[in-house]
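Data block below; observations after.
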Amino acid sequence: MQNPQLSPEQLPQHIAIIMDGNGRWAKAQGKPRVFGHKNGVAAVRKTISASAKLGIKAITLFAFSSENWRRPEEEVGVLMELFITVLTTEVKKLHKNNLRLRVIGDTARFNDRLRSKIAQAEALTENNTGMVVNIAANYGGKWDITEATKALAAKVAAGELQASEITEELITQHLTMSDLPEVDLMIRTSGECRISNFMLWQMAYAELYFTPIYWPEFDENSLIEAVTWFVNRERRFGCTGEQIKALMESE
Ligand code: IPE
Ligand code: IPE
Ligand code: MG
Numbered sequence: 000m001q002n003p004q005l006s007p008e009q010l011p012q013h014i015a016i017i018m019d020g021n022g023r024w025a026k027a028q029g030k031p032r033v034f035g036h037k038n039g040v041a042a043v044r045k046t047i048s049a050s051a052k053l054g055i056k057a058i059t060l061f062a063f064s065s066e067n068w069r070r071p072e073e074e075v076g077v078l079m080e081l082f083i084t085v086l087t088t089e090v091k092k093l094h095k096n097n098l099r100l101r102v103i104g105d106t107a108r109f110n111d112r113l114r115s116k117i118a119q120a121e122a123l124t125e126n127n128t129g130m131v132v133n134i135a136a137n138y139g140g141k142w143d144i145t146e147a148t149k150a151l152a153a154k155v156a157a158g159e160l161q162a163s164e165i166t167e168e169l170i171t172q173h174l175t176m177s178d179l180p181e182v183d184l185m186i187r188t189s190g191e192c193r194i195s196n197f198m199l200w201q202m203a204y205a206e207l208y209f210t211p212i213y214w215p216e217f218d219e220n221s222l223i224e225a226v227t228w229f230v231n232r233e234r235r236f237g238c239t240g241e242q243i244k245a246l247m248e249s250e
């Protein structure tokens, strides 16, 4: 039975995803970890397309954390190359679909080639009006808050602001993604139940959804399941995956 009450306003506005489990997925098949990262790209594609079809306003994908530099150099190198390749091949598709791409994180540590790809991709899509796709790369929630703190401290030092005038609102304005709605649904794959220094401030009230499946297996149906769970938690009524699918098709 269709529930007539379900409307797009009940969906999450901003979904954040910790794409975890690539390495374990590959290992389970006797393949090297990087095989998992390569296969994770298809899951990214499916997730972006399903979210856009649903009419989600923003999606933030955790691709590389500030702590991931500690991984073996070779794996980091493959991840960087993959990032460049994906930026080159996928950005045109995003642009064609009117999506806006942004990279959030401390990109200063990336090589010139990657930094220039990022700049090109952001410039190409900046005037698009559809869903915002944030890729969190060399991102850390603590880094984000530290940068905002530095910016505010600089204003205080310059005499433009009194320390007593600092409010939660002002801190929010100095964080990345301050122009987007707060994250209302956070998804983490692979069964780990941690935030791993992802957005801390922006997820203060997010519903946290943990699924045991590994990232390369995540697809449109997995997203529908997570969104169905969210709608039922938030609105406390028995919505079904079919209703979410119907909304997707009506877009
Ligand atoms: C997530 O998969 C991708 C990145 C962190 C880049 P992992 O590489 O963390 O895979 P597991 O957790 O080791 O299985
Ligand atoms: C978090 O996954 C970061 C990304 C998905 C990019 P990790 O697999 O690196 O997290 P930990 O280290 O297990 O917490
Ligand atoms: Mg992991």
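Position 43 of the sequence shown, counted from 1, bears residue number 42 in numbering that gives the first Met the number 0, the numbering being contiguous throughout.
Glycine residues also receive a C-beta, built at the ideal position from the N, C-alpha and C atoms.
Source: prediction; values computed, not measured.
What does a CB cutoff of less than 7 Å around residue i pick up in its chain, not counting 5 residues either side in sequence?
i, result
"Gly240", "Ile223, Glu224, Thr227"
"Gly39", "Met18, Asn21, Trp214, Pro215"
"Gly35", "Asn21, Gly22, Trp24, Ala25, Pro215"
"Asp183", "Pro11, Gln12, His13, Ala205, Glu206"
"Glu74", "Arg32, Val33"
"Ala147", "Ile170, His173, Leu174"
"Ser64", "Tyr138, Gly139, Ser195, Asn196"
Sorry if obvious, but does the Cβ on residue i come closer than 7 Å to a heavy atom of ligand 4?
i, result
"Gly39", "Judged by which ligands are present, ligand 4 is missing from the structure shown, whose ligands are ligand 1, ligand 2 and ligand 3."
Distance check for residue j and residue i, CA to CA, integer angstroms please.
i, j, result
"Thr84", "Leu160", "43 Å"
"Gly104", "Gln9", "30 Å"
"Gly190", "Arg99", "30 Å"
"Ser163", "Leu81", "46 Å"
"Ala120", "Ala62", "16 Å"
"Ile47", "Ala156", "42 Å"
"Pro7", "Pro180", "15 Å"
"Leu108", "Ile55", "It is worth fixing the name first, because residue 108 is Arg in this sequence and not Leu. Roughly 31 Å separates the two Cα atoms."
"Asn126", "Gln28", "42 Å"
"Arg193", "Ile117", "28 Å"
"Lys37", "Ala122", "26 Å"
"Arg187", "Glu72", "25 Å"
"Lys244", "Ile170", "37 Å"
Starting from the C-beta of residue i, find all residues in its chain whose C-beta is less than 8 Å away, skip the five residues before and the five after it, and write them out in chain order.
i, result
"Lys154", "Leu160"
May I ask you to check if the CB of residue i is nearer than 7 Å to at least one heavy atom of ligand 3?
i, result
"Gly20", "yes"
Should residue i be counted as a contact of ligand 1 given a C-beta to heavy atom distance under 7 Å?
i, result
"Trp295", "Lying outside 0 to 250, the shown extent of the chain, residue 295 is not represented and no answer is given."
"Leu78", "yes"
Kindly list the residues whose CB is nearer than 6 Å to the CB of residue i, restricted to its own chain and excluding five residues on each side of it in sequence; keep chain order.
i, result
"Gly129", "Asn97, Leu98"
"Met0", "Here Met0 scores only 47 on pLDDT, less than 50, and its place in the model is too uncertain to base an answer on."
"Val230", "Gln9, Cys238"
"Ile16", "Leu60, Ile186"
Does the beta carbon of residue i fall short of 7 Å from some heavy atom of ligand 2?
i, result
"Ala49", "no"
- Item | Ranges of the alpha helix (DSSP H) found wholly within the region 106-168, counting only runs of at least 4 | If you keep only unbroken alpha helix (DSSP H) runs of at least 4 residues inside the region 106-168, you get 111-124, 140-156.
- Item | Segments assigned alpha helix (DSSP H), at least 4 residues, entirely inside the region 16-94 | As far as the region 16-94 is concerned, its whole alpha helix (DSSP H) runs of at least 4 residues are 21-27, 32-53.
- Message: Pairs of beta-carbons, one from the region 108-120 and one from the region 165-176, closer than 8 Å: are there three or more?
- Response: Contact fails: fewer than three Cβ-Cβ distances are below 8 Å.
- Task: Would you list, in sequence order, the uninterrupted alpha helix (DSSP H) runs of no fewer than 4 residues that lie entirely inside the region 185-243?
- Result: The region 185-243 contains these whole alpha helix (DSSP H) runs: 219-234.
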